[in-house]
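Q: Mind having a look at this structure? Questions to follow.
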Amino acid sequence: MANLVRSAKSGSSWGMNELIAFNIEVIDVNAQTFFGNAILPQLPLSPVILNNLEEPAGPLHKADMDFFAYMEDAMIIPPGEESLVDDFAAFVLKMMHYDEGRRVIHLRKEMGFEMCGQRVDAKTDVCVMERSGTGAKYLLLVQEDKRHLSRDDPEPQLIAEAIAAFYENNRARKAAGLPKLPSRTFAGITMIGTAPTFYKIPVTDEILISLATSQYPTQVTTVTKLVPPVPFPERLANDGMKPLVNRRIILQCFEAFRQFLN
């Protein structure tokens, strides 16, 4: 693979060729392997959300009403338009306490990294960042699956965003007078409608150098991927969180996934 053509591309233009050209693989694993525990955690959520297919009648807490509203909007894919998936993803992350402490949730954050001698851009649809005395650092990235608009696979784009996040985190550390980190594993999510897929994306200084200098990395980068273990995974993209059994399992995955923000 060392003789593949490599050229500078923005994160939104990454595809399978870039993964092959820079020795990056994505492997599917089960919940036991991904989370380190086959038993998904209990959910500290309202029973209204967990036990009702649609918004029930009667007075409700605002958070419960918002869940059903955002879920309904995210499952509608307007022809030729971007959907409202990002809003739903940000809402779920907040509902699941991904913004605890000094963490914040942002939409459409722009980043960059060096590729083939040029600086290229990457933009995450949703991200979780942590603010500190040395600036804000990226912890989690979300990329919407926009294949209703184009044929672009969201996985390579998400991986490019993780690389950009690592680059930007280290740039902030350098500006603060701190040593660069040699590696970090980022939490990542792709979303189609209300159906997420979870990723752990390791990024190293070696791959940054390989990207900047157009070299084939000697070490493979292995990204692990989890499709939520719902009863009918072949229908997950269409069903999303609408069925109650799917909703519980997916939200349990969100609860377990939060451990990887540290």
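Residues in the sequence shown are numbered from 9 upward in steps of one, following my numbering. Positions of the beta carbon are idealized from the N, C-alpha and C atoms, including for glycine. In this text the structure is predicted, and so the values were computed from the model without any measurement.
Report all residues from its chain with a CB closer than 8 Å to the CB of residue 122; omit the five preceding and five following residues, and keep chain order.
A: Residue numbering aside, residue 122 sits at position 114 when the sequence shown is read from its first letter. For residue 122, where only same-chain residues beyond five positions count, the Cβ hits under 8 Å are 128, 175, 216, 219, 220.
Q: For the candidate residues 65, 83, 27, whose alpha-carbon lies nearest to that of residue 250?
A: Translated into the one-based positions of the sequence shown, residue 250 becomes position 242. Minimum Cα distance to residue 250 is reached at 83.
Q: Give me, in chain order, the residues of the same chain whose beta-carbon lies closer than 8 Å to that of residue 92; leave out the 5 immediate sequence neighbours on both sides.
A: If you number the sequence shown from 1, residue 92 lands on position 84. Excluding sequence neighbours, residue 92 sits near 78, 81, 82, 84.
Q: Just curious, the beta strand (DSSP E) that residue 72 is in, first and last residue?
A: Here the question's residue 72 lines up with position 64 in the sequence shown. Run containing residue 72: none in the beta strand (DSSP E); it sits in the alpha helix (DSSP H), 70 to 82.
Q: With which residues is residue 210 paired in a DSSP beta bridge?
A: On the sequence shown, position 202 is the one that residue 210 refers to. Per DSSP, 193.
Q: Would residue 149 and residue 137 be called neighbours here (beta carbons separated by less than 8 Å)?
A: Here residue 149 refers to the residue found at position 141 of the sequence shown. Here residue 137 refers to the residue found at position 129 of the sequence shown. Cβ distance not < 8 Å, so residue 149 and residue 137 don't count as in contact.
Q: Counting only runs that start and end within the segment 145 to 183, where is the alpha helix (DSSP H) found for 4 or more residues in a row?
A: 162 to 183
Q: Return the first residue and the last residue of the beta strand (DSSP E) that residue 135 is part of.
A: For this step, residue 135 is matched to residue 127 along the sequence shown. Its beta strand (DSSP E) spans residues 126 to 140.
Q: Report yes if the CB atom of residue 198 is closer than 8 Å to the CB atom of residue 166, and no otherwise.
A: Residue numbering aside, residue 198 sits at position 190 when the sequence shown is read from its first letter. Residue numbering aside, residue 166 sits at position 158 when the sequence shown is read from its first letter. Remark: C-beta atoms of residue 198 and residue 166 approach each other more closely than 8 Å.
Q: Could you tell me the distance, in whole angstroms, from the CA atom of residue 241 to the CA atom of residue 59?
A: Looking up residue 241 in the sequence shown gives position 233. Looking up residue 59 in the sequence shown gives position 51. So the two alpha carbons sit approximately 21 Å from each other.
Q: Tell me whether residue 145 is buried or exposed, calling it buried when 16 or more other Cβ atoms sit within 10 Å of its Cβ.
A: Start at 1 with the first residue of the sequence shown, and residue 145 comes out as number 137. With 16 or more Cβ atoms within 10 Å of its Cβ, residue 145 is classed as buried.
Q: Would you give the residue range spanned by the alpha helix (DSSP H) that residue 56 belongs to?
A: Mapped onto the sequence shown, residue 56 falls at position 48. Per DSSP, residue 56 belongs to the alpha helix (DSSP H) from 55 to 59.
Q: What do you get for residue 201, buried or exposed, if any count of 16 or more other CB atoms within 10 angstroms of its CB means buried?
A: Along the sequence shown, read from residue 1 onward, the residue named residue 201 stands at position 193. By the neighbour-count rule (16 or more Cβ atoms within 10 Å), residue 201 is buried.
Q: DSSP state of residue 220, grouped into three classes?
A: Stepping through the sequence shown from its first residue, residue 220 is reached at position 212. Residue state, collapsed to three classes: helix.
Q: Using alpha carbons as the reference points, say which of 48, 181, 34 lies closest to residue 258.
A: Position 250 of the sequence shown, counted from the start, is the residue given in the question as residue 258. Minimum Cα distance to residue 258 is reached at 48.
Q: Find out if the Cβ-Cβ distance for the pair residue 229, residue 32 is shorter than 8 Å.
A: Position 221 of the sequence shown holds residue 229. Position 24 of the sequence shown holds residue 32. Yes; because the gap between Cβ atoms is below 8 Å, this pair is in contact.
Q: From 163, 14, 169, 192, pick the residue whose C-alpha is nearest to that of residue 29; which is it?
A: Against the sequence shown, residue 29 aligns to sequence position 21. Measuring from the Cα of residue 29, the nearest candidate turns out to be 14.
Q: Tell me which residues share the same chain as residue 37 and place their Cβ nearer than 8 Å to its Cβ, disregarding the 5 neighbours each side in the sequence.
A: Counting from 1 along the sequence shown, the entry for residue 37 is found at position 29. Cβ within range, chain order: 232, 233, 234.
Q: Excluding five sequence neighbours on each side, which residues of the same chain lie with their C-beta closer than 8 Å to the C-beta of residue 211?
A: Along the sequence shown, one-based indexing puts residue 211 at 203. 170, 171, 173, 174, 191, 192, 193, 194, 229.
Q: With a cut-off of 8 Å on the beta carbons, I'd call residue 161 and residue 73 a contact; round off their distance for me.
A: What you label residue 161 is simply residue 153 of the sequence shown in a count that begins at 1. What you label residue 73 is simply residue 65 of the sequence shown in a count that begins at 1. So it is not a contact: roughly 35 Å between Cβ atoms.
Q: Comparing alpha-carbon positions, which option in 177, 152, 43 lies nearest residue 267?
A: In the sequence shown, residue 267 corresponds to position 259, counting from 1. Comparing Cα positions, the closest option is 43.
Q: Whole angstroms are fine: how far does the CA of residue 189 sit from the CA of residue 227?
A: Position 219 of the sequence shown holds residue 227. Position 181 of the sequence shown holds residue 189. Roughly 18 Å separates the two Cα atoms.
Q: Using a threshold of 8 Å, state whether the C-beta atoms of residue 16 and residue 237 are closer than that.
A: Counting from 1 along the sequence shown, the entry for residue 16 is found at position 8. Counting from 1 along the sequence shown, the entry for residue 237 is found at position 229. Contact: no.
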